[in-house]
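Colleague: Note that my numbering gives residue 207 to position 206 of the sequence shown, counting from 1, and the numbers run on in steps of one. The beta-carbon is built from N, C-alpha and C at its ideal position, and this holds for glycine as well. No experiment lies behind these values; they were computed from the predicted model shown.
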Amino acid sequence: MVTYNIDNRVQLSEDTAPKNDDQRIALLLFYDAFARGDSSRLAGMLDSADQIQLEAMTKSGEFKAATDEIFAIDVRTGMSPMGDNATLGLFMVGDEFQPTLWTYTVMEGSTSGGSFKSESTPPNMIDRLSGDDWITAWYTILGLEIARASEMDEEIEIPTQDFTEEDDSAGGSPGGPGGPGGGGGAPGKRKRDPSKPKVNPNRGPGGPGGN
């Protein structure tokens with residue numbers, strides 16, 4: 002921390018620090034940029050999507066307002082379910098705690114930091130984390146949220162009525178249901194038994210429109 006002039010508000014304890022020095026340096030530089038409110042330096046360590054978000058926050062003044070109030074940053078490390086390096090930063094801002102979770106990669110021998118990508122933060126996350134390993138707990142909560150979102154909506158069975166008739170002779174007059182002289186009934190065409198002859202109820206079998 003002395004070598005890289007890391008702000009002493011950044012707290013990376015030995016028991017949670019990565020074994021790899023390159024990763025330790027990357028983490029310290031990353032959170033130091035937050036502590037100092039240095040958006041330009043931070044942007045160089047973010048993936049493209051997070052860079053766009055940071056740029057918007059910087060322009061609006063939101064980033065400065067948030068980082069000005071940082072009292073301390075507790076840094077924790079672990080692994081994602083996919084085997085990526087992960088870090089949880091627990092920011093104490095004013096009198097509140099605000100957690101963020103990131104995955105990151107570090108080039109071996111690099112002293113300029115790593116590449117960090119933010120993970121989703123469900124609502125009220127600080128109140129939902131528990132246990133000794135908050136990173137594992139975070140991914141467990143994310144899994145539950147994803148499973149809930151992917152559940153199919155409740156299927157509602159709409160009652161139906163079969164208006165199919167075996168014999169057209171029981172139907173309405175020519176023109177179909179609802180047509181001129183129609184006798185009412187279900188909308189649309191009715192099915193006819195192809196084995197039976199067509200019958201016009203208003204004319205004999207031998208008349209026009211009969212068989």
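Out of Met83, Phe31 and Asp96, which one is the CA nearest neighbour of Gly45?
Modeller: In the sequence shown, residue 45 corresponds to position 44, counting from 1. Here the closest residue by C-alpha is Phe31.
Colleague: Beta-carbon separation of Leu89 and Pro82 under 8 angstroms?
Modeller: Here residue 89 corresponds to residue number 88 of the sequence shown, with the count starting at 1. Here residue 82 corresponds to residue number 81 of the sequence shown, with the count starting at 1. Cβ distance not < 8 angstroms, so Leu89 and Pro82 don't count as in contact.
Colleague: Starting from Arg77 and walking both ways along the beta strand (DSSP E), at which residues does that stretch end?
Modeller: For the purposes of this step, residue 77 is taken as residue 76 along the sequence shown, with counting starting at 1. Element bounds for Arg77: Ile71 to Met80.
Colleague: Just tell me which of Ala18, Asn6, Ala34 and Gln24 has its CA closest to the CA of Phe92.
Modeller: Residue mapping note: residue 92 aligns to position 91 of the sequence shown, counting from 1. Out of Ala18, Asn6, Ala34 and Gln24, Ala34 has the C-alpha closest to the C-alpha of Phe92.
Colleague: Kindly indicate which three-state DSSP category Gly179 falls into: helix, strand or coil?
Modeller: Counting from one through the sequence shown, the residue named residue 179 turns up at place 178. Bear in mind that a pLDDT of 43 at Gly179, under 50, signals an unreliable position, so the number given afterwards is only what the model happens to contain. Gly179: coil per DSSP, three-state reduction.
Colleague: Do you know offhand how far Glu97's Cα is from Asp75's?
Modeller: Mapped onto the sequence shown, residue 97 falls at position 96. Mapped onto the sequence shown, residue 75 falls at position 74. Answer to the nearest angstrom: the Cα atoms are 13 angstroms apart.
Colleague: Looking only at its chain, what residues have a beta carbon closer than 6 angstroms to the beta carbon of Thr17, apart from the 5 residues adjacent to it on each side?
Modeller: On the sequence shown, position 16 is the one that residue 17 refers to. Arg77 and Thr78, listed in sequence order.
Colleague: Would DSSP call Leu130 helix, strand or coil?
Modeller: Here residue 130 corresponds to residue number 129 of the sequence shown, with the count starting at 1. Of the three classes helix, strand and coil, the one that applies to Leu130 here is coil, per DSSP.
Colleague: If you follow the beta strand (DSSP E) that Ala87 is part of, which residue opens it and which one closes it?
Modeller: Here the question's residue 87 lines up with position 86 in the sequence shown. From DSSP, the beta strand (DSSP E) with Ala87 extends over Asn86 to Val94.
Colleague: DSSP three-state label for Glu56, please.
Modeller: As a first step, residue 56 is located in the sequence shown; it is residue number 55 there, counting from the start. Residue state, collapsed to three classes: helix.
Colleague: If you measure between the beta carbons of Val107 and Ile71, is that distance less than 8 angstroms?
Modeller: Within the sequence shown, numbered from 1, the residue matching residue 107 stands at position 106. Within the sequence shown, numbered from 1, the residue matching residue 71 stands at position 70. No, these two residues do not count as a Cβ contact at 8 angstroms.
Colleague: Identify which residue in Ala148, Gly62 and Trp103 has its Cα closest to the Cα of Trp135.
Modeller: Reading the sequence shown from its first residue, position 134 is the one you call residue 135. Residue Trp103 is the option with its Cα nearest to Trp135.
Colleague: Pick out whichever of Gly114, Tyr5 and Ala73 has its Cα sitting closest to the Cα of Leu47.
Modeller: The residue labelled residue 47 in the question sits at position 46 within the sequence shown. Considering only alpha carbons, the answer is Gly114.
Colleague: On the criterion of 16 or more Cβ atoms from any shown chain inside 10 Å, does Leu43 qualify as buried, or is it exposed?
Modeller: Along the sequence shown, one-based indexing puts residue 43 at 42. Leu43 should be labelled buried.
Colleague: Less than 8 angstroms between the CB atoms is what I'm expecting for Met2 and Leu29, so what's the real figure, rounded?
Modeller: Residue numbering aside, residue 2 sits at position 1 when the sequence shown is read from its first letter. Residue numbering aside, residue 29 sits at position 28 when the sequence shown is read from its first letter. The Cβ separation is near 6 angstroms, so the contact holds.
Colleague: In whole angstroms, give me the CA-to-CA distance for Ala87 and Ile147.
Modeller: Along the sequence shown, one-based indexing puts residue 87 at 86. Along the sequence shown, one-based indexing puts residue 147 at 146. Those two C-alpha atoms are separated by around 19 angstroms.
Colleague: Could you give the C-beta distance for Ser119 and Asp51, rounded to a whole number, given that I count them as a contact under 8 angstroms?
Modeller: Position 118 of the sequence shown, counted from the start, is the residue given in the question as residue 119. Position 50 of the sequence shown, counted from the start, is the residue given in the question as residue 51. With 8 angstroms as the limit, Ser119 and Asp51 qualify as a contact, their Cβ atoms being about 5 angstroms apart.
Colleague: Report yes if the C-beta distance between Thr68 and Gly38 is below 8 angstroms; otherwise report no.
Modeller: Residue mapping note: residue 68 aligns to position 67 of the sequence shown, counting from 1. Residue mapping note: residue 38 aligns to position 37 of the sequence shown, counting from 1. Yes, these two residues count as a Cβ contact at 8 angstroms.
Colleague: Using a Cβ-Cβ cutoff of less than 7 angstroms, which residues in the same chain neighbour Ser116 once the five nearest sequence positions on both sides are dropped?
Modeller: Working through the sequence shown from its first residue, we reach residue 116 at position 115. Excluding sequence neighbours, Ser116 sits near Met46, Asp48, Tyr105 and Thr106.
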